[in-house]
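There are 2 protein chains.
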Amino acid sequence: MYVTKADRTRQPFNKAKIVGTCVRMGASRRVAAKVAEAVEARVYDGIETNKILRIIHQQLGKYVPSVRFHIDLRRALSLIRPTPDFERFIRILLREHDYEVSPNQIIRGKCVEHEIDAIARKDGKTFLVEVKHHSNHHTPAGLDVVRIARAVLEDAVEGFEAGLNSLKIDGIIIVCNTKLSKHAREYAECRGILYISWKLPLDNSLRMMIENKKLYPLTFLKNLNMGTRRKLELAGTLLVKELVEEQPSELSKRTGISIDTLRQMRHDAREILSREESILS
Amino acid sequence: MYVTKADRTRQPFNKAKIVGTCVRMGASRRVAAKVAEAVEARVYDGIETNKILRIIHQQLGKYVPSVRFHIDLRRALSLIRPTPDFERFIRILLREHDYEVSPNQIIRGKCVEHEIDAIARKDGKTFLVEVKHHSNHHTPAGLDVVRIARAVLEDAVEGFEAGLNSLKIDGIIIVCNTKLSKHAREYAECRGILYISWKLPLDNSLRMMIENKKLYPLTFLKNLNMGTRRKLELAGTLLVKELVEEQPSELSKRTGISIDTLRQMRHDAREILSREESILS
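Chains as they are written, first to last, in our numbering: chain A, 257 to 537; chain B, 257 to 537.
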């Protein structure tokens, strides 16, 4: 039995992957195994992976209520506006992971000025941060992204040595919502360029950084229409958990969204954020 | 009196520029002055530069017949298919300007393999060539293009030093059909990256390289429909002058285009290629 991936390549159906997906979505091992059974009974040769994902959502919703309130995280990331929202989202994410983060700015290199998406400091080290967003979450970041990062780092470091900027830099980190191509990973590793992509590094991928701190973006919510979301984003609210932290009445004043709508969203947000218990059960 | 450029900025109408354009299109100084007079009489405040170009073509066609057979060269370049036609066009252009040119290939750098559009040798020096095509001829090549070129050059040179390739490289040349942004030019000059763009370098721009050797692409011809052009390109014919060099009967066999059509195109091609006399008159 084969499945068809988004890039139209085929690979064998793998039940263990379904189990893993369910666990990441908040299912216990027992529930995950049940869902995987139900999915296996419904797949057919050549089925597309996004169809499988829909079946998982449908089945899992019976056991893990929060699944009914959100979409696939990877797709949610692809829906964030690249500028300024995704860049800001990444700065928040780094801050929550104990980086000291400065916002986007212009750095004078040896040859020219470069626009940098953020500067992040941790354990006495300073990194330039390049954020790369793809609205198609199947598009890997390619060699160009890392070659540009390399040239930026070189120019910024030489700018410091020449006294043109006062930022002693130890490295550069690329953060992107998709994979990096194999070629791009090889180049990055060879040149000491760090990266945080959807799946890698294994111990600290973008997905893990989001899930470990429950830093889900608003686009994660299933029942949030785009108009309401834009109002929240324009008012500076980017995260699901901010819907819970702030009083609906306050948030309503700040955004112009009705209190009733905000109460409903708060309910959905709570369901998503409280699912840790079901993961641990 | 102001004119509106393609990027929507305005600048004062400049009659001397009209004269220059006409001379480049094959007019004598005397004819160019006449045409500039006629254009000046018809412009109005805020007129778009592409409208001015149309008036020039119209007026100039009365004196320089070849103008009736071709379009604006810059637009013609934008219409060439980027891959493989524009890349091949640039390789021909470099060859005709005394470079020894090898076709596109993969070079093993220190970290990864890089796809190079050409390698060009002249006066004992070896250059990597990066070709950049924009289908909108008003889009300047930006900083990314030169930063990528820098990283490619560094990796290729270090690959040679590490014994991973056998190509002793002296530099890299970017060739593009548009301008380079100011930022990109500054970076290129600072890093010793060479470039040939539409207008620069002043003594050897892409335009001059084409005009000096009359290496007009087929897209330059006004009366050539796209289907016929595709047949020629697929058969390996890219240049206007190739229509004159080969017998219509031979070319017809090779392309499947009727001899009558080829004879008509040959006539147009001759008109364009013979206009040197009118420039010198």
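Beta carbons: idealized from backbone N, C-alpha and C, even for Gly.
DSSP assignment within the region 360-444 of chain A yields the following whole beta strand (DSSP E) runs of 3 residues or more, N-terminal first: 361-364, 369-372, 374-378, 381-388 and 427-432.
The C-alpha of A/Q314 lies about 55 angstroms from the C-alpha of B/K261. With 16 or more other Cβ atoms inside 10 Å of its own Cβ, A/H326 counts as buried. Contact between A/K388 and A/I430 holds, with the beta-carbon distance rounding to 6 angstroms and staying under 8 angstroms. Here the region 478-491 of chain A lies against the region 511-523 of chain A, with 3 or more beta-carbon pairs under 8 angstroms apart. B/D341 counts as buried, since at least 16 other C-beta atoms from the protein chains shown sit within 10 angstroms of its C-beta.
Between B/T475 and B/A491, the C-beta spacing is not below 8 angstroms. For A/R344, same chain residues with a beta-carbon under 7 angstroms away, outside a window of 5 residues either side, are L494 in chain order. Under the Cβ criterion of 8 angstroms, B/D373 is not counted among the residues facing chain A.
Inclusion of B/R331 and B/H393 in the CB contact set at 8 angstroms is warranted, their separation being smaller than that value. Restricting attention to B/G427, B/L423 and B/L329, the CA atom closest to the CA of B/A405 is found in B/G427. Straight across, the Cα-Cα distance linking A/S453 with B/V295 is about 57 angstroms. Beyond the five residues adjoining it in sequence on each side, A/L349 comes within less than 6 angstroms, by CB distance, of M465 and L471 in the same chain, given in chain order.
Cβ-Cβ distances below 6 angstroms link B/R364 to G415, L420 and N421 in the same chain, with the five nearest sequence neighbours on each side left out; the list follows chain order.
Pairing A/E352 with A/N360 gives a Cβ-Cβ distance that is not under 8 angstroms. Note: B/E467 is not bridge-paired with any residue in the DSSP secondary-structure output. DSSP places B/S358 in the uninterrupted beta strand (DSSP E) bounded by E356 to S358. If you draw a straight line from the Cα of A/A412 to the Cα of A/K378, it comes to about 19 angstroms. In this chain, A/Q314 is not harboured by any beta strand (DSSP E); it is covered by the alpha helix (DSSP H) spanning T305 to L316. For A/R337 and A/S391, the gap between their C-alpha atoms comes out near 8 angstroms. Distance from the Cα of A/A292 is smallest, within the candidate group A/L488, A/I308 and A/S514, for A/I308. Following the DSSP letters along the chain, one finds A/P268 inside the beta strand (DSSP E) bounded by residues R266 to P268.
Here A/P340 carries a helix assignment [DSSP, helix/strand/coil]. Neighbours of A/I404 across chain B, judged by C-beta separation under 7 angstroms: D400, R403 and I404. Here the alpha carbons of B/I311 and B/D301 stand approximately 15 angstroms from one another. Neighbourhood of A/Y443 in chain B, by CB distance below 7 angstroms: C367 and V368, in chain order.
DSSP places B/I452 inside the beta strand (DSSP E), whose first and last residues are L450 to I452. For the region 440-464 of chain A, the set of positions with a beta-carbon nearer than 7 angstroms to some beta-carbon of chain B reads E442, Y443, C446 and R447 in chain order. The beta carbon of A/A289 does not come within 8 angstroms of any beta carbon belonging to chain B, so the residue lies off that interface. If the five residues before and after A/V275 are omitted, its C-beta is found closer than 7 angstroms to the C-beta atoms of A288, A289 and A292, all from its own chain and listed in chain order. Secondary structure of B/V279 (DSSP, three-state): helix. Taking A/E489 as the centre and dropping the five residues before and after it, the same chain places the C-beta of D341 closer than 6 angstroms to its C-beta, in chain order. The DSSP-derived three-state label of B/T475 is helix. The Cβ-Cβ distance between A/A397 and A/T434 falls below 8 angstroms.
Beta-bridge annotation (DSSP): A/L495 is paired with A/P473.
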